[in-house]
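From first to last, the protein sequence lines stand for chains A and B. If you read the first sequence in my numbering, its first letter stands for residue 1, the second for the next number, and so on. If you read the second sequence in my numbering, its first letter stands for residue 101, the second for the next number, and so on. Beta carbons are placed, not taken as given, at the ideal position from N, Cα and C, and that holds for glycine. Please read these numbers as outputs of a predicted model, since none were measured by experiment.
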Amino acid sequence: MPELPELNPVIHGKLRLALLSLLSAVDEAEFTWLRTKTGSTDGNLGAQLLKLEEAGYVAVEKKFVQRKPQTLYRMTDSGRLALTEYVQALKQLLGAAIGA
Amino acid sequence: MTSNIESQELKDRLSLIEQMIAEGRRTTESWGWTFVLWGVAYYVAIAWATLGKASLAWPVTMVAAGVLTGVLASRTASKRPETTVGRAMMAIWLGLGVSIFVLMVSLGMSGRLDEHVSVAIIGAMLGGANCTSSIILKWKMQFACAVAWWSAGVAACFTSDTVTSITFLTAIFFCQIVFGIYGMIAESSKQKRSEAGQGAFHA
C-alpha cells in the first residue's frame with residue numbers, strides 16, 4: 001500500500017488555507033480586504049497571516065497612505081508551491097479515503 | 101495526523117480553496133470598457149458640438165461619462181482588493197479627467213477655445229496619462245497609444261482644421277475604441293488562462 005502524504009500543518013488551518021487561496025488569485029491584497037473576504041476578526045487574521053509570513057508563504061509590505069497605515073500581502077513563490085503540493089496531497093488522501 | 105481526517109473534511113478543504121480562488125478571481129481588474137466608453141463619449145461630444153450647441157456639448161457629455169464611469173466602477177469596487185497599482189491608476193485617470201474638464205470648461209467660457217489648442221492640450225494630456233499608465237502596467241500597447249496621442253497633439257499645432265479634426269477622430273478611434281476592445285479581449289484571455297492555470301486545484 002502506498003504511503004499517504006502528510007498535509008502541511010501551516011496551510012491546513014482553515015483560515016490560513018482560505019488566505020493562501022485568496023492570495024493565489026490576486027497580485028496583492030490589503031489586510032482589510034482579506035478580513036472582509038474571510039469574515040475573520042483583526043486579531044485572528046493578524047495571527048494567521050503572521051504564521052504564513054513566518055513560514056515564508058506570504059510577503060508583507062507596510063506603509064502609510066494619506067497618513068493611514070496600510071498593510072499589503074502577496075503570496076510568495078514558495079507559498080504557491082506549498083499550496084499546490086497541499087492540494088495534490090488532499091486529492092491523494094481523498095482518493096484513498098473514497099477507495100477505502 | 102492524516103489518518104484521522106474524514107473524507108468530508110477533505111472535500112470541505114478543497115471546496116474552500118475553490119471558493120476562495122473564485123473570490124480572488126472576481127477581483128481581476130478590467131478597465132478596457134472605460135476606454136471604449138470615453139471614446140464613444142468623445143464622439144458624442146464632437147457630433148453634438150458640430151451639429152448643436154457647442155458650449156454645452158463637451159461639459160455635459162464629459163460629466164455624463166464621468167458619472168457613468170463612477171457608477172459602473174463603484175459597482176465592482178467592493179469586489180476588488182485595494183492595491184497600490186489600482187490606486188495609482190485611479191489617481192492618473194481621475195487627475196487627467198479633472199484637468200481636462202476644468203481647462204476645457206474655462207477655455208469655453210472665456211471664448212478662447214480653439215480647435216487646434218484643444219486637440220493639442222487633450223493629445224498632450226492623454227499622451228502623458230497613457231505613458232504613465234503603460235510604464236506602471238508594463239504595457240507596450242498602451243505606450244503606442246501615448247505616442248499616437250502625442251502625435252495628434254503635435255499635428256494639431258501645425259496642420260489645417262480638417263487635418264486636425266481627422267487626426268483627432270483617428271486617434272480617438274485607435275487609442276480609445278480599438279485599444280479598449282483590445283484591452284477587454286486581453287483581460288478575458290488572461291482570466292481564461294488563469295482559470296486553466298488553476299485547473300490543478302480543481303481537477
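Per DSSP, the bridge partner or partners of residue i
{"i": "threonine 71 of chain A", "result": "A:Lys62"}
{"i": "alanine 29 of chain A", "result": "A:Tyr73"}
Within 8 Å, strictly: CB atoms of residue i and residue j
{"i": "leucine 90 of chain A", "j": "leucine 116 of chain B", "result": "no"}
{"i": "tyrosine 73 of chain A", "j": "leucine 49 of chain A", "result": "yes"}
{"i": "isoleucine 277 of chain B", "j": "glycine 132 of chain B", "result": "no"}
{"i": "tryptophan 158 of chain B", "j": "alanine 145 of chain B", "result": "yes"}
{"i": "serine 24 of chain A", "j": "isoleucine 121 of chain B", "result": "yes"}
{"i": "alanine 256 of chain B", "j": "cysteine 275 of chain B", "result": "no"}
{"i": "tyrosine 57 of chain A", "j": "alanine 82 of chain A", "result": "yes"}
{"i": "glycine 223 of chain B", "j": "alanine 246 of chain B", "result": "no"}
{"i": "threonine 169 of chain B", "j": "threonine 134 of chain B", "result": "yes"}
Extent of the continuous alpha helix (DSSP H) to which residue i belongs
{"i": "asparagine 230 of chain B", "result": "215-237"}
{"i": "glycine 152 of chain B", "result": "Glycine 152 of chain B -> no alpha helix (DSSP H), and no H or E assigned at all."}
{"i": "cysteine 275 of chain B", "result": "First-last for cysteine 275 of chain B: undefined, no H or E at that position."}
{"i": "glycine 43 of chain A", "result": "42-54"}
{"i": "leucine 23 of chain A", "result": "14-24"}
{"i": "serine 260 of chain B", "result": "First-last for serine 260 of chain B: undefined, no H or E at that position."}
Span separating the alpha-carbon of residue i from that of residue j
{"i": "lysine 62 of chain A", "j": "proline 69 of chain A", "result": "7 Å"}
{"i": "alanine 229 of chain B", "j": "serine 107 of chain B", "result": "54 Å"}
{"i": "tryptophan 33 of chain A", "j": "alanine 165 of chain B", "result": "29 Å"}
{"i": "glycine 297 of chain B", "j": "arginine 80 of chain A", "result": "Because glycine 297 of chain B carries a pLDDT of 48, less than 50, the predicted location of this residue cannot be relied on, and the following value inherits that uncertainty. Distance between the alpha carbons of glycine 297 of chain B and arginine 80 of chain A: 12 Å."}
{"i": "glutamate 53 of chain A", "j": "alanine 286 of chain B", "result": "33 Å"}
{"i": "serine 210 of chain B", "j": "glycine 253 of chain B", "result": "22 Å"}
{"i": "threonine 128 of chain B", "j": "valine 26 of chain A", "result": "Because the pLDDT at threonine 128 of chain B is just 48, under 50, the model does not fix this residue reliably, and the point stays unresolved."}
{"i": "asparagine 44 of chain A", "j": "threonine 232 of chain B", "result": "39 Å"}
{"i": "alanine 59 of chain A", "j": "methionine 225 of chain B", "result": "36 Å"}
{"i": "tryptophan 239 of chain B", "j": "isoleucine 192 of chain B", "result": "15 Å"}
{"i": "phenylalanine 273 of chain B", "j": "leucine 22 of chain A", "result": "38 Å"}
{"i": "leucine 114 of chain B", "j": "isoleucine 236 of chain B", "result": "35 Å"}
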